[in-house]
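Visitor: Below is one structure. I have some questions about it.
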Amino acid sequence: MNDMKNSLSLIERLCGAFGPSGCEGEVASLIKNEIFDVCPDAKFDRMGNLIAVMRFGDVTASERKRIMISAHMDEVGFMITEIKSGGYLGFDTVGGISASVLAGRRVKVLTQNGLINGVIASKAIHHKDKKERQKAVDIDKLYIDIGACDKEEAEALVRIGDFATFDSEFYTFGEDLVKGKALDDRMGCAAMIEAMRRLKDSPPKKNIDACFCFTVREEIGLSGAKAAAYELSPDVALVLETTAIADIADAAASRRVADMGGGVAISFMDRSTVYSRELVDAAIDIAKRKGVKAQVKRYVSGGNDAGTIHKTAEGIKTLAASVPTRYLHSAACVANINDYFAQRDLCVSIIEEII
Amino acid sequence: MLKILISEIMMKDLKRFIFSLCAVPSVSGFESRSTEALRSLIGDELEFVSVDGVGNHLFCKRSGKQNAPKILIDTHFDEIGLLVTEVLDGGFLRVCQMGGIDPSIMQASDVVIYGKQTLRGVVVSTPPHLKKDSDLPKIEEMLIDTGLSTDKARELIEIGTPVGFAPVYTELLNGRICGKSFDDKACAACAAFAIVNTPKEALAGDVYLLLSSVEETNRLGGAAAGAFSVMPDYAMVIDVNLARVPDTKDFETVEMDKGISISVSASTHLELTRLTEKLCVDREIEHSMIAAPTSTGTNAASVNLTACGIPTVDVGLPLASMHTYTEVVSMRDCETLVKLVGEFISSEEIAEKMNFSEVSFI
Numbered sequence: 001m002n003d004m005k006n007s008l009s010l011i012e013r014l015c016g017a018f019g020p021s022g023c024e025g026e027v028a029s030l031i032k033n034e035i036f037d038v039c040p041d042a043k044f045d046r047m048g049n050l051i052a053v054m055r056f057g058d059v060t061a062s063e064r065k066r067i068m069i070s071a072h073m074d075e076v077g078f079m080i081t082e083i084k085s086g087g088y089l090g091f092d093t094v095g096g097i098s099a100s101v102l103a104g105r106r107v108k109v110l111t112q113n114g115l116i117n118g119v120i121a122s123k124a125i126h127h128k129d130k131k132e133r134q135k136a137v138d139i140d141k142l143y144i145d146i147g148a149c150d151k152e153e154a155e156a157l158v159r160i161g162d163f164a165t166f167d168s169e170f171y172t173f174g175e176d177l178v179k180g181k182a183l184d185d186r187m188g189c190a191a192m193i194e195a196m197r198r199l200k201d202s203p204p205k206k207n208i209d210a211c212f213c214f215t216v217r218e219e220i221g222l223s224g225a226k227a228a229a230y231e232l233s234p235d236v237a238l239v240l241e242t243t244a245i246a247d248i249a250d251a252a253a254s255r256r257v258a259d260m261g262g263g264v265a266i267s268f269m270d271r272s273t274v275y276s277r278e279l280v281d282a283a284i285d286i287a288k289r290k291g292v293k294a295q296v297k298r299y300v301s302g303g304n305d306a307g308t309i310h311k312t313a314e315g316i317k318t319l320a321a322s323v324p325t326r327y328l329h330s331a332a333c334v335a336n337i338n339d340y341f342a343q344r345d346l347c348v349s350i351i352e353e354i355i
Numbered sequence: 001m002l003k004i005l006i007s008e009i010m011m012k013d014l015k016r017f018i019f020s021l022c023a024v025p026s027v028s029g030f031e032s033r034s035t036e037a038l039r040s041l042i043g044d045e046l047e048f049v050s051v052d053g054v055g056n057h058l059f060c061k062r063s064g065k066q067n068a069p070k071i072l073i074d075t076h077f078d079e080i081g082l083l084v085t086e087v088l089d090g091g092f093l094r095v096c097q098m099g100g101i102d103p104s105i106m107q108a109s110d111v112v113i114y115g116k117q118t119l120r121g122v123v124v125s126t127p128p129h130l131k132k133d134s135d136l137p138k139i140e141e142m143l144i145d146t147g148l149s150t151d152k153a154r155e156l157i158e159i160g161t162p163v164g165f166a167p168v169y170t171e172l173l174n175g176r177i178c179g180k181s182f183d184d185k186a187c188a189a190c191a192a193f194a195i196v197n198t199p200k201e202a203l204a205g206d207v208y209l210l211l212s213s214v215e216e217t218n219r220l221g222g223a224a225a226g227a228f229s230v231m232p233d234y235a236m237v238i239d240v241n242l243a244r245v246p247d248t249k250d251f252e253t254v255e256m257d258k259g260i261s262i263s264v265s266a267s268t269h270l271e272l273t274r275l276t277e278k279l280c281v282d283r284e285i286e287h288s289m290i291a292a293p294t295s296t297g298t299n300a301a302s303v304n305l306t307a308c309g310i311p312t313v314d315v316g317l318p319l320a321s322m323h324t325y326t327e328v329v330s331m332r333d334c335e336t337l338v339k340l341v342g343e344f345i346s347s348e349e350i351a352e353k354m355n356f357s358e359v360s361f362i
């Protein structure tokens, strides 16, 4: 029970941090703090990736293997593009967010004086005609209301290029579900942190370097993970992610992707990667032997840092293990905490066994 | 003891009182489930008169004077929300809307399900690979994720269970506040706050505060029945008014932070309207006059047409993003409204001019 509480609190803290792609600093310093006991010499690379290397076995041995484990720190968010008359802020998305989950949302804007509250709004439904009522409001018709009285007041506080994120309550609900912003991919970050702690407590006897990379800019495709993979040149890479699923009433079984509560999802292919079959089989085998609940992702969709990692330098054998997540890239991502535990546990076992 | 403490504190802090009252669940048609919560918020400061058959809550503050006129202040207590129409496999709910919700704010929003237990939920957002076009689903086609197994969901949630938005409140710049159901409970809070904080000696009559029901779902609202049971000499109906935001027309909207609005309308009482305007001028209460030719879109007409007619004035609090869970009002406007209500219920001039007790035809 304590284990559950600690994990939930870690995930909540990570999800609460402000970190749209390109502006991951707050998340990074939070993580650096969390892993300080386990890995005090974790360092930032040129891109802003936070890399923590844990060396096991005989560190002087000539034959050492290296595994890279990565999860991205960034989340989908917004950038202020315009200060409109009336003091309203025009904005664009950073990363892929559907217009249908924008209107009405609370946001936080990071100004030079710190975070301020705002809300994404459009004119009231009373002022919309029939056609307007049937469509999601286009982003250029939406604005962020920060409560400014006029343009001058807003300009004094907010700069073009300031970042914003969803502001969303983190809570547990239903049977073992969590809801919050940025579960994608702070759950992966949490799984890495907890895996590191466990490896510190019972270190593997093999001569391996486990390189934990908390990466930047996954959501815009210009992945920081590529630089980390080049720098580390690992034998194997494991990407801890979330994957969008559609296991909802009204969706055909063939399009549900994976089941919530069905365990960690292992991808054989997505829109950015054909995964190493050898690693996929090994991961499934390890999960089976260790009693970790796992499932194979049943639909070719999505993509993640594996897409850049596996093509880095001479190529790196890569695996992705994801927490099935509903309503990805919204203020209300939903996942099952047991699937998170499966991801974390599989991560530890893979580090111990896959090379 | 604790109850007294709560309302005592509340009546000194308007913002906190607004947040507390607006957070009380009151999905249209389910107002009377919150009688206890309402009474604990204001029942120690105002006399609780009744909750009637259509869900109207009535509070009173008596002036102690003989033959005092009856003054009615109406604000509606109900809020927009949803109602469960079907519990589906996988613990998903089908719902219909209670009041005119903007469908564009629904997907991936937080809701509270008032079933056998109070449960949290999330409105399903259609995953990208299942989307056909940019059309929004109708609210009746949307689903609510309860996170429960089918059996558990069916055990805890019956057809007809109300669902509301999550009560989360944040502050923006310039004393603007953001959250659910300021429509119309911010007005209710301001009215209650004003009545409580006006000494009874100052009252021009016995003041009835009607927190009326089903305004959002019924054309006439519960206010008609509420006004009938009070049979006041005159009334003020307070509801929110659409604030000026980008892409709206000036004449259809009121500016935020510029005080309250008073409607001039064929559906309300012109003399009382002008007296209220004069009161604002005399007492330096920030206000604007708006034209609502045949309808104010509020309870005003139904109160006005109750029994043999009740002189009624319609007052508005500017509100942005109406019918969302992130409505925005200005605390400055709320304070203006408190001042107006306080002056209105103390005005001997209005009480005198609205005295129709000599009017009799048989």
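One line per chain: the protein sequences are A and B, in this order. To convert, note that position 93 of the first sequence is 93 in this note's numbering; the numbers rise steadily by one, no gaps. To convert, note that position 307 of the second sequence is 307 in this note's numbering; the numbers rise steadily by one, no gaps. A virtual CB, placed ideally from N, CA and C, is assigned to each residue, including glycine. Given the structure is predicted, the values throughout are model-derived calculations rather than measurements.
Quick one: list the residues of chain A neighbouring P293 (chain B), beta-carbon separation under 7 Å, in chain order.
Guide: Here residue 293 (chain B) corresponds to residue number 293 of the second sequence, with the count starting at 1. Under the 7 Å cutoff, chain A gives no residues; its nearest Cβ is about 16 Å from P293 (chain B).
Visitor: Should E348 (chain B) go down as buried or exposed, given a rule of 16 or more other Cβ atoms within 10 Å for buried?
Guide: Here residue 348 (chain B) is taken as the residue at index 348 of the second sequence, counted from 1. Exposed, by the Cβ-count rule.
Visitor: In whole angstroms, what separates the C-alpha of I362 (chain B) from that of F356 (chain B)?
Guide: Sequence index remark: in the second sequence, residue 362 (chain B) carries index 362 (1-based). Sequence index remark: in the second sequence, residue 356 (chain B) carries index 356 (1-based). Cα to Cα, I362 (chain B) sits roughly 15 Å from F356 (chain B).
Visitor: Let me confirm a value: N67 (chain B) is counted as buried when at least 16 other C-beta atoms fall within 10 Å, else exposed. Which label applies?
Guide: Within the second sequence, the letter at position 67 stands for residue 67 (chain B). Answer is exposed; the Cβ neighbour count stays below 16.
Visitor: For Y208 (chain B), list the residues DSSP reports as bridge partners.
Guide: Counting from one through the second sequence, the residue named residue 208 (chain B) turns up at place 208. Paired residue(s): B:C60, B:L72.
Visitor: Tell me whether S410 (chain A) sits in a helix, a strand or coil according to DSSP, three-state version.
Guide: Examination of residue 410 (chain A) is not possible in this model, given that chain A is present from 1 through 355 alone.
Visitor: Have a look at M1 (chain B) and A23 (chain B) and give me their C-alpha separation to the nearest angstrom.
Guide: Here residue 1 (chain B) is taken as the residue at index 1 of the second sequence, counted from 1. Here residue 23 (chain B) is taken as the residue at index 23 of the second sequence, counted from 1. At M1 (chain B), the pLDDT of 47 sits below 50, so the modelled position is not reliable; the number obtained from the coordinates is stated separately. Looking at the two C-alpha atoms, the distance is approximately 22 Å.
Visitor: Does the distance from the C-beta atom of V163 (chain B) to that of V237 (chain B) stay below 8 Å?
Guide: As a first step, residue 163 (chain B) must be located in the second sequence, where it is residue number 163. As a first step, residue 237 (chain B) must be located in the second sequence, where it is residue number 237. Taking 8 Å as the Cβ cut-off, V163 (chain B) and V237 (chain B) do not qualify as a contacting pair.
Visitor: Within the 8 Å Cβ cut-off, does Q117 (chain B) reach chain A?
Guide: Translated into positions along the second sequence, residue 117 (chain B) becomes position 117. No, its Cβ sits nowhere closer than 8 Å to a Cβ of chain A.
Visitor: Any idea if V281 (chain B) is buried or exposed, counting beta-carbon neighbours within 10 angstroms, 16 or more meaning buried?
Guide: Position 281 of the second sequence holds residue 281 (chain B). Label assigned to V281 (chain B): exposed.
Visitor: Report yes or no: is there a C-beta of chain A within less than 8 Å of the C-beta of Q107 (chain B)?
Guide: On the second sequence, residue 107 (chain B) is found 107 positions in, with the first residue counted as 1. By this cut-off, Q107 (chain B) is an interface position.
Visitor: Measuring CB to CB, does L275 (chain B) end up less than 8 Å from F77 (chain B)?
Guide: Against the second sequence, residue 275 (chain B) aligns to sequence position 275. Against the second sequence, residue 77 (chain B) aligns to sequence position 77. Going by C-beta atoms, L275 (chain B) is not nearer than 8 Å to F77 (chain B).
Visitor: Can you find a C-beta in chain A that's less than 8 Å from the C-beta of T217 (chain B)?
Guide: In the second sequence, the residue the question calls residue 217 (chain B) occupies position 217. No, T217 (chain B) does not count as interfacial toward chain A.
Visitor: D363 (chain B) to A235 (chain B), Cα distance in whole Å?
Guide: Because chain B in this structure spans residues 1 to 362, residue 363 (chain B) falls outside the shown range and cannot be described.
Visitor: Residues of chain B with CB closer than 7 Å to the CB of S98 (chain A), please, in chain order.
Guide: Taking the first sequence and counting its residues from 1, the one referred to as residue 98 (chain A) is at position 98. Chain B residues near S98 (chain A): P128.
Visitor: So that I know if they touch, is there some Cβ in chain A lying closer than 8 Å to that of C187 (chain B)?
Guide: Within the second sequence, residue 187 (chain B) is the residue found at index 187, counting from 1. No - not a single Cβ of chain A is within 8 Å of the one on C187 (chain B).
Visitor: Whose Cβ in chain A lies nearer than 8 Å to the Cβ of Y114 (chain B)?
Guide: For this step, residue 114 (chain B) is matched to residue 114 along the second sequence. Going along chain A, no residue has its Cβ under 8 Å from Y114 (chain B), so there is no contact; the nearest lies around 14 Å.
Visitor: Taking 8 Å as the threshold (C-beta atoms), are P20 (chain A) and V94 (chain A) in contact?
Guide: Walking along the first sequence from the start, residue 94 (chain A) turns up at place 94. Walking along the first sequence from the start, residue 20 (chain A) turns up at place 20. Yes. Within cutoff.
Visitor: Under a CB-based cut-off of 8 Å, is A156 (chain A) close to chain B?
Guide: Numbered from 1 along the first sequence, position 156 holds the residue referred to as residue 156 (chain A). No, A156 (chain A) does not count as interfacial toward chain B.
Visitor: Could you list which residues in chain A have their beta carbon closer than 8 Å to that of G99 (chain B), in chain order?
Guide: What you label residue 99 (chain B) is simply residue 99 of the second sequence in a count that begins at 1. Simply none; closest approach about 10 Å.
Visitor: Tell me the rounded alpha-carbon separation between I144 (chain B) and I146 (chain A).
Guide: The residue labelled residue 144 (chain B) in the question sits at position 144 within the second sequence. The residue labelled residue 146 (chain A) in the question sits at position 146 within the first sequence. Distance between the alpha carbons of I144 (chain B) and I146 (chain A): 29 Å.
Visitor: Can you name the residues of chain B whose CB is closer than 7 Å to the CB of C149 (chain A)?
Guide: Stepping through the first sequence from its first residue, residue 149 (chain A) is reached at position 149. Result: N174, D257.
Visitor: What residues from chain B crowd round E169 (chain A), counting only those whose CB sits closer than 8 Å?
Guide: As a working mapping, residue 169 (chain A) is identified with position 169 in the first sequence. Within chain B, the residues near E169 (chain A) are D110, A166, V168.
Visitor: Out of B:I345, B:Q107, B:M256, B:D135, state which residue places its alpha-carbon closest to the alpha-carbon of R62 (chain B).
Guide: On the second sequence, position 62 is the one that residue 62 (chain B) refers to. The candidate whose alpha carbon is nearest that of R62 (chain B) is B:I345.
Visitor: Give me the DSSP bridge partner(s) of K318 (chain B).
Guide: As a working note, residue 318 (chain B) is residue 318 in the second sequence. Residue identity differs from the one stated: residue 318 (chain B) is Pro in this sequence, not Lys. Paired residues: B:N241.
Visitor: With 8 Å set as the bound, which would you pick, yes or no: does the beta-carbon of K65 (chain B) sit closer than that to a beta-carbon of chain A?
Guide: Counted from its first residue, the second sequence places residue 65 (chain B) at position 65. False, the Cβ-Cβ gap to chain A never drops below 8 Å.
Visitor: Determine the burial state of V27 (chain B): buried for a count of at least 16 other Cβ atoms within 10 Å of its Cβ, exposed for fewer.
Guide: As a position in the second sequence, residue 27 (chain B) is number 27, starting the count at 1. Flag for V27 (chain B) reads buried.
Visitor: Taking 8 Å as the threshold, find out whether the region 114 to 122 of chain B comes into contact with the region 137 to 152 of chain B through three or more Cβ pairs.
Guide: The answer is yes - the region 137 to 152 of chain B touches the region 114 to 122 of chain B, with three or more Cβ pairs under 8 Å.
Visitor: What is the rounded straight-line gap between the Cα of S321 (chain B) and the Cα of G99 (chain B)?
Guide: Here the question's residue 321 (chain B) lines up with position 321 in the second sequence. Here the question's residue 99 (chain B) lines up with position 99 in the second sequence. Looking at the two C-alpha atoms, the distance is approximately 15 Å.
Visitor: Measuring straight from C-alpha to C-alpha, what distance separates L199 (chain A) and T312 (chain A)?
Guide: Here residue 199 (chain A) corresponds to residue number 199 of the first sequence, with the count starting at 1. Here residue 312 (chain A) corresponds to residue number 312 of the first sequence, with the count starting at 1. Roughly 27 Å separates the two Cα atoms.
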